[in-house]
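Worksheet for the structure shown next.
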Amino acid sequence: MRAAAKRGAKPAAARSATGVAGKSAAALKTAAKAVVKAGAGRAAPAPSPATARPALVRDSFTMPEGEYAVLAAVKGACLKAGFEVKKSELLRIGVAPVGRLDLATLRQVLDSLPQLKTGRPPAP
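Residue numbering for the sequence shown follows the working numbering, beginning at -12 and increasing consecutively.
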């Protein structure tokens, strides 16, 4: 398919060159430059802001095994329901309501979480 698409573009350029087949070599070069300039005048359309993808950020974090098991349980429930979900999608789903919480409620939820030791665990 891809080769066919390229072939479709080449005959158009070839037709414009064959239209000046009876002329001298200098006339052919001039005609070829005109074809190139006509194509160069068209700039590729800039991607609209609606179709531009947001920048992605990679991060790592630590969470208790019990909370991590909840992610696995929810993934399993989603599969049984007939749709697949990724861990990152589950985390993004969780972030959406957190952004709508007022600070007092957010503080209450934060205080109810067990404190975790920050940093990476020592290498074995």
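Don't be surprised by glycine CBs; every beta carbon is placed ideally from N, CA and C.
A quick note: this is a predicted structure, and the numbers were derived from the prediction, not measured.
What is the DSSP secondary structure of V44, reduced to helix, strand or coil?
In this structure, V44 counts as coil in the three-state DSSP scheme.
Helix or strand or just coil, what does DSSP make of R107?
Here R107 sits in coil by DSSP.
Would the region 39 to 58 count as touching the region 90 to 97 if we require 3 or more Cβ pairs under 8 Å?
With the cut-off at 8 Å, the region 39 to 58 and the region 90 to 97 do not touch.
Among L43, V44, E54 and M50, nearest to L103 - alpha-carbon criterion:
Nearest C-alpha to L103: M50.
Under a Cβ-count criterion, where at least 16 other Cβ atoms within 10 Å of its own Cβ denotes burial, should A8 be classed as buried or exposed?
Low confidence applies to A8: its pLDDT is 48, below 50, so where it sits in the model is not reliable, and the reading given next is rough at best. Its Cβ having fewer than 16 others within 10 Å, A8 is exposed.
Could you tell me the distance, in whole angstroms, from the CA atom of F70 to the CA atom of D89?
Approximately 32 Å between the Cα atoms of the pair.
Report the option in G53, A110, R45 and D46 whose CA atom is closest to the CA atom of L100.
It is G53 whose Cα lies nearest to the Cα of L100.
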